[in-house]
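Asker:
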Amino acid sequence: KDIIPPLEQLMVEKEGYLQKAKIADGGKKLRKNWATSWIVLSSGKIEFYKESKQQALSNMKSGYKPESVDLYGAHIEWAKEKSSRKNVFQITTVSGNEFLLQSDIDFIILDWFHAIKNAIDRLPKD
Ligand code: I3P
91 KDIIPPLEQL MVEKEGYLQK AKIADGGKKL RKNWATSWIV LSSGKIEFYK
141 ESKQQALSNM KSGYKPESVD LYGAHIEWAK EKSSRKNVFQ ITTVSGNEFL
191 LQSDIDFIIL DWFHAIKNAI DRLPKD
């Protein structure tokens, strides 16, 4: 048992740190609160960890679960008007969750934007 790693771990496409703010939950607006998040993109989803995944895995004893975002039917768009910060894009899920992601470093945010957009575009549309 547990010799084979979970399939999702084999399918990680991109991971790294970004600034993240969740601004709506199920369509309900939330107070914006930027924080650093460790972000893991795999085929149909994004996971947000409050710490690195490595740290999170070693803290599993507390039943720690990352916030998971279902990318099926999700939208991604640049969101210049949603923040005073540069390089902000928004992900909106079918369930009405809205996340802003940001990095001061242009190539980092561009790489993330295209990786997530490609992941969404590859998913079946219905
Ligand atoms: C918010 C905080 C955010 C800011 C947001 C403020 O204040 O300063 O960083 O977003 O602006 O309301 P508070 O901490 O008191 O909630 P940006 O950094 O993205 O500009 P906003 O209300 O214009 O979104």
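Using the numbering used here, you'd call the opening residue of the sequence shown number 91 and step up by one each time. Here a beta-carbon is modelled for each residue, glycine too, at the ideal position from N, C-alpha and C. It should be emphasised that the depicted structure is a prediction, and the values quoted were computed from it without experimental measurement.
Within its chain, find whatever has a CB closer than 8 Å to the CB of LEU108; leave out the 5 residues flanking it on each side and keep chain order.
Answerer: Excluding sequence neighbours, LEU108 sits near THR126, SER127, ILE129, LEU191, GLN192, SER193, ILE198, ILE199, TRP202.
Asker: Which value, in whole angstroms, describes the spacing of the CA atoms of GLU188 and THR182?
Answerer: Roughly 5 Å between the two C-alpha positions.
Asker: Exposed or buried, which one is ASN177 when buried takes at least 16 other CB atoms within 10 Å?
Answerer: Burial call: buried.
Asker: Comparing the CB of SER193 with every heavy atom of the ligand I3P, is any distance shorter than 8 Å?
Answerer: False, no ligand heavy atom lies under 8 Å from that Cβ.
Asker: Quick check on GLU103: does DSSP put it in helix, strand or coil?
Answerer: In this structure, GLU103 counts as coil in the three-state DSSP scheme.
Asker: Run the CB neighbour count on VAL159, radius 10 Å, all protein chains shown included, and call it buried at 16 or more, exposed below.
Answerer: VAL159 is buried by the Cβ-count criterion.
Asker: Helix or strand or just coil, what does DSSP make of ALA169?
Answerer: Here ALA169 sits in coil by DSSP.
Asker: Out of SER148, GLY186, SER174, LEU147, state which residue places its alpha-carbon closest to the alpha-carbon of ILE166.
Answerer: For the residues SER148, GLY186, SER174, LEU147, the minimum Cα distance to ILE166 belongs to GLY186.
Asker: Enumerate in chain order the residues of its own chain whose CB-to-CB distance from ASN123 is below 7 Å, with the five nearest sequence positions on each side excluded.
Answerer: The residues are ALA111.
Asker: Can you tell me where the beta strand (DSSP E) holding TRP124 begins and where it ends?
Answerer: First-last for TRP124: undefined, no H or E at that position.
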